[in-house]
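These notes concern the structure reproduced below.
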Amino acid sequence: MNMQYRKLRGTDLKLSVLGMGCSSFWALKSTPEETAISLLQHAYDKGINFFDTGSSYADGNAERRLGKFINSIERSSVVVSTKAGTKQASMGNATKDFSPKAIRESVAESLERLNTEYIDILFLHSPKLDELSSELFNEIEKLIDEGKIRFAGVHSSDKVVVDTVKSIDCFTVFLSDFNLTRASFETTINDIANLNKGFIAATPLAQMLFTNKIFFPTSKKDFWYLARALKNRRKQLINSFKLRFASQLPNIPAEAVALNFALDNKHVSSAIFGTTQHKNIDKNIEALTFSIPQEVFNKIRRIKLPFRE
Ligand SMILES: NC(=O)c1ccc[n+]([C@@H]2O[C@H](COP(=O)([O-])OP(=O)(O)OC[C@H]3O[C@@H](n4cnc5c(N)ncnc54)[C@H](OP(=O)(O)O)[C@@H]3O)[C@@H](O)[C@H]2O)c1
Numbered sequence: 008m009n010m011q012y013r014k015l016r017g018t019d020l021k022l023s024v025l026g027m028g029c030s031s032f033w034a035l036k037s038t039p040e041e042t043a044i045s046l047l048q049h050a051y052d053k054g055i056n057f058f059d060t061g062s063s064y065a066d067g068n069a070e071r072r073l074g075k076f077i078n079s080i081e082r083s084s085v086v087v088s089t090k091a092g093t094k095q096a097s098m099g100n101a102t103k104d105f106s107p108k109a110i111r112e113s114v115a116e117s118l119e120r121l122n123t124e125y126i127d128i129l130f131l132h133s134p135k136l137d138e139l140s141s142e143l144f145n146e147i148e149k150l151i152d153e154g155k156i157r158f159a160g161v162h163s164s165d166k167v168v169v170d171t172v173k174s175i176d177c178f179t180v181f182l183s184d185f186n187l188t189r190a191s192f193e194t195t196i197n198d199i200a201n202l203n204k205g206f207i208a209a210t211p212l213a214q215m216l217f218t219n220k221i222f223f224p225t226s227k228k229d230f231w232y233l234a235r236a237l238k239n240r241r242k243q244l245i246n247s248f249k250l251r252f253a254s255q256l257p258n259i260p261a262e263a264v265a266l267n268f269a270l271d272n273k274h275v276s277s278a279i280f281g282t283t284q285h286k287n288i289d290k291n292i293e294a295l296t297f298s299i300p301q302e303v304f305n306k307i308r309r310i311k312l313p314f315r316e
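Each residue of the sequence shown is one higher than the one before, counting from 8 in the working numbering.
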């Protein structure tokens with residue numbers, strides 16, 4: 008199947024409709040570095056040109072791994088996004104600092120780890136409204152003028168935050184969890200498009216919480232995914248039972264329903280999934296060839312689940 012590409016509003020970037028998320032178990036030492044990098048190469052060979060990571064993911068290891076891959080290809084053939092504003096603390100928790108100085112330092116460190124002279128999109132990593140300031144917006148404009156970042160935006164899955172900051176001039180792109188458990192986020196996506204700004208969907212597979220897969224761990228990695236869901240997304244996990252039907256349709260795999268749902272909204276330029284398996288990259292690309300009956304999407308949209316806790 009040939010990969011499809013969509014323009015990212017407000018930018019001159021064209022993204023593959025599937026992007027690779029360079030985070031979570033992929034970034035940890037438990038996934039050998041050689042495997043992690045070969046997954047990126049595999050995705051790239053299949054036409055995926057968009058790679059998202061974060062400065063705090065695996066304490067910088069995610070960026071380091073992506074940087075090694077970037078070093079092996081033509082830089083201009085990929086779009087790279089990363090995040091600033093959080094640092095990994097102990098027990099997987101993060102500390103936050105959105106001061107202009109901290110964001111500038113974070114960008115400098117990311118450029119080094121990513122082996123690149125510029126970051127295509129810099130997202131502020133889940134800021135609260137009171138963590139944003141006009142000094143920060145000025146610093147972001149400076150980083151753009153200096154060519155260190157090409158575009159800036161906000162990563163947040165908090166609807167109130169995104170609705171509030173979407174019209175701030177220096178933010179051109181928004182990255183939020185958008186998947187079948189968060190159908191009502193579409194109003195925000197449409198508003199962003201009306202401002203001629205770009206939107207990218209994170210966790211488009213809803214971390215497979217709507218399938219039985221999550222409850223039958225067979226490996227250390229699967230136990231890690233289950234523990235993460237129980238720690239961070241317990242309510243979403245319970246609410247997702249209402250969407251079980253979407254993983255049990257005859258002849259349509261769960262990932263095909265999830266990815267096509269996220270991409271059914273044409274304002275979503277790319278849906279970035281995470282994986283540690285080559286075969287799942289293939290399955291996710293294959294998923295794009297399925298045609299999902301519109302009534303399935305309508306049913307998903309009617310099930311209005313409360314947003315992530
Ligand atoms: N998690 C967040 O809170 C968050 C926040 C901001 C941004 N993001 C961005 O969004 C990206 C994706 O997030 P995510 O990885 O948390 O969620 P996701 O892509 O919705 O789900 C990943 C999960 O789905 C599994 N999977 C992938 N393809 C599959 C397939 N075809 N069949 C069955 N299982 C499949 C993966 O397991 P295997 O490893 O076994 O394939 C993993 O457990 C991140 O990498 C990051 O760039 C995430």
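All C-beta atoms, glycine included, are put in the ideal place defined by N, C-alpha and C.
Asked                                                                                                                            : Found
Nonlocal neighbours in the same chain, by C-beta distance under 7 angstroms from residue 191, ignoring five residues either side : 311
Nearest-angstrom Cβ-Cβ length linking residue 111 and residue 74, presumed shorter than 8 angstroms                              : With a Cβ gap of about 19 angstroms, residue 111 and residue 74 do not count as contacting.
C-alpha distance - residue 289 paired with residue 210, whole-angstrom precision                                                 : 17 angstroms
Of the residues 53, 56, 143 and 25, the one placed nearest residue 263, counting alpha carbons only                              : 25
Pick from 36, 128 and 64 that is closest to residue 180, judged by C-alpha positions                                             : 128
The region 214-221 touching the region 235-252, judged by at least three CB pairs closer than 8 angstroms                        : yes
For residue 227 and residue 175, the rounded distance between their alpha carbons                                                : 43 angstroms
Residues near residue 316 in its chain [Cβ-Cβ closer than 6 angstroms; skip 5 each side]                                         : Annotation note: pLDDT 42 at residue 316 (below 50); position unreliable, no value reported.
Any non-hydrogen atom of ligand 1 closer than 7 angstroms to residue 280 Cβ                                                      : yes
Of the listed residues 16, 257, 152 and 275, nearest to residue 298 (C-alpha basis)                                              : 257
Exposure label - residue 168; buried when at least 16 CB within 10 Å                                                             : buried
Whole-angstrom distance between residue 182 and residue 236, CA atom to CA atom                                                  : 20 angstroms
Ligand 1 heavy atom lying under 7 angstroms from the CB of residue 214                                                           : yes
Residue 64, DSSP secondary structure in three states                                                                             : helix
Best match in 147, 135, 153 and 143 for proximity to residue 163 [C-alpha to C-alpha]                                            : 135
CA nearest to the CA of residue 61, picked from 79, 36, 77 and 88                                                                : 88
Residue 35 versus residue 200 - alpha carbon distance                                                                            : 35 angstroms
Cβ-Cβ distance between residue 91 and residue 131 below 8 angstroms                                                              : yes
Simplified DSSP state of residue 274, which is helix, strand or coil                                                             : coil
Alpha-carbon spacing of residue 79 relative to residue 33, whole angstroms                                                       : 19 angstroms
Pick from 48, 214, 20 and 267 that is closest to residue 204, judged by C-alpha positions                                        : 20
Strand pairing of residue 12, partner residues [DSSP]                                                                            : 23
Residue 45 (DSSP reduced to helix, strand or coil)                                                                               : helix
Contact under 8 angstroms by Cβ, residue 275 with residue 151                                                                    : no
Among 285, 140, 213 and 41, the one whose alpha carbon lies nearest that of residue 52                                           : 285
Buried versus exposed call for residue 230 [16 or more other C-beta atoms within 10 Å across all chains shown]                   : exposed
Residue 296 beta carbon less than 8 angstroms from that of residue 10                                                            : no
Contact under 8 angstroms by Cβ, residue 252 with residue 304                                                                    : no
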